[in-house]
Amino acid sequence: MANPILREKLNSGKFFVVPGIQDMITAVIANKVGFDIVYGTGYWLTASAWGLPDAGIATYTEMRNRMETLARTSNAAVIADGDTGYGGLLNVHHTVKGYEASGVTAIQIEDQEFPKKCGHTPFKRLISTEDMVEKIQVAVDSRESEDFVVIARTDARESEGLDGVLRRLEAYSKAGADVLFPEALHSEEEMRKACAVLDKPCMANMSNHGKTPVPPAEVLAEIGYAYAIYPSLTSLAAAAAMEKVLRDLKDHGVGQPDGLFDFSEFCSLIGFEDVWAFEKKWGKVPA
1 MANPILREKL
11 NSGKFFVVPG
21 IQDMITAVIA
31 NKVGFDIVYG
41 TGYWLTASAW
51 GLPDAGIATY
61 TEMRNRMETL
71 ARTSNAAVIA
81 DGDTGYGGLL
91 NVHHTVKGYE
101 ASGVTAIQIE
111 DQEFPKKCGH
121 TPFKRLISTE
131 DMVEKIQVAV
141 DSRESEDFVV
151 IARTDARESE
161 GLDGVLRRLE
171 AYSKAGADVL
181 FPEALHSEEE
191 MRKACAVLDK
201 PCMANMSNHG
211 KTPVPPAEVL
221 AEIGYAYAIY
231 PSLTSLAAAA
241 AMEKVLRDLK
251 DHGVGQPDGL
261 FDFSEFCSLI
271 GFEDVWAFEK
281 KWGKVPA
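Pasting the structure below:
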């Protein structure tokens with residue numbers, strides 16, 4: 001059964017933040033910090049696992065495996081990026097079934113043509129509103145638990161403007177989507193209008209250096225969003241930190257810089273204490 005916490009938070013009306021998770025190291029750090037909902041980001045899970053762009057190259061099977069691993073590793077409920085549902089209506093049906101069986105709490109489906117592209121990059125092409133309405137209806141009908149949340153995303157801002165975004169999301173709401181996702185809005189004014197007009201909870205995508213402003217969380221709450229995801233935050237922070245220590249190693253031979261995460265603590269976070277307890281019980285370990 002899906003974790004009910006996302007549904008409960010949406011019903012409470014209190015704004016919350018959701019970090020993006022690109023790999024299982026990030027997942028265990030998020031466990032330590034204490035997040036109760038995390039976001040399985042398609043862009044960054046694809047980048048970390050295969051070194052590929054978010055352009056519909058990773059398959060349903062590969063992404064389901066990554067989401068299942070994240071759901072197993074994380075203590076939090078997982079919102080999963082489901083791209084376009086990986087094809088037509090039958091693909092959407094199997095994607096929702098598979099993701100829910102993998103232990104995630106919500107799936108996000110977008111109205112791009114398959115294969116899709118990152119919402120903050122150019123050359124996106126959309127399916128018709130009618131076709132996306134059917135995808136949402138199939139997604140809602142395919143879930144096993146009412147606690148499993150269906151999120152409808154539109155990438156219409158680039159080609160159809162804000163009016164197109166609002167028309168599409170209104171139709172997706174009527175089709176049964178639980179949460180509406182107006183992707184890549186260009187200003188706080190657009191964000192406010194979307195939240196004011198739409199009749200379902202709206203989520204914000206805080207993609208660092210993308211097309212959308214990244215105001216503080218209290219401003220997003222005041223604008224009217226239900227929650228915000230931060231898909232690129234940990235990835236870009238990690239990339240910057242890795243570049244710095246690698247440059248210091250290459251240029252200056254520094255292999256023990258200040259500020260590293262404690263190795264003993266990380267061993268604990270990743271589960272070595274269970275391994276050691278097993279070895280003491282069953283292995284030939286000296287007393």
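Just so we're aligned: 140 in the UniProt record's numbering is position 140 of the sequence shown, and the numbers increase by one with no gaps anywhere.
Glycine residues also receive a C-beta, built at the ideal position from the N, C-alpha and C atoms.
In this structure I151 is not in contact with C195, their Cβ atoms being roughly 15 Å apart against a cut-off of 8 Å. In summary, T212 is buried, with 16 or more beta-carbon neighbours lying within 10 Å of its beta-carbon over all protein chains present. Its chain contains no residue whose beta carbon lies nearer than 6 Å to that of P122 once the 5 sequence neighbours on both sides are disregarded. By the neighbour-count criterion, in which a residue is buried when 16 or more other Cβ atoms sit within 10 angstroms of its Cβ, T26 is buried. A30 is positioned such that its CB atom lies closer than 7 Å to that of P19.
Taken through DSSP and simplified to helix, strand or coil, F263 comes out as helix.
For the segment 131-193, the full-length beta strand (DSSP E) segments reaching 3 residues or more read 149-154 and 179-182 along the chain. Of A139, E144 and V197, the smallest CA-CA separation from G164 is found for V197.
Out of Y99, A106 and K280, the CA that lies nearest to the CA of A77 is found in A106. Annotation for E110: no alpha helix (DSSP H) segment contains it, though the beta strand (DSSP E) segment containing it runs A106 to E110. Collapsing the DSSP output to three states places I229 in a strand. Of all alpha-carbon atoms in V140, N65 and P182, the one lying nearest the alpha-carbon of Q112 is that of P182.
According to the DSSP assignment, V18 belongs to the beta strand (DSSP E) that extends over F16 to I21.
In the structure shown, M203 falls within a strand segment according to DSSP collapsed to helix, strand and coil. Here F16 has K9 and Y227 as same chain residues with Cβ atoms under 6 Å from its own Cβ, once five neighbours each way along the sequence are excluded. For Y99, the uninterrupted alpha helix (DSSP H) run begins and ends at L89 to A101, by DSSP. If the five residues before and after I136 are omitted, its C-beta is found closer than 8 Å to the C-beta atoms of I109, V150, A152, Y172, A175, G176 and A177, all from its own chain and listed in chain order. Counting C-beta pairs closer than 8 Å gives three or more between the segment 92-103 and the segment 54-73, which meets the contact rule. Residue range G42 to W50 is occupied by the alpha helix (DSSP H) that includes G42. Under the three-state reduction of DSSP, D274 is assigned to helix.
According to the DSSP assignment, A217 belongs to the alpha helix (DSSP H) that extends over A217 to I223. Put simply, the backbone Cα of L52 is about 14 Å away from that of S235.
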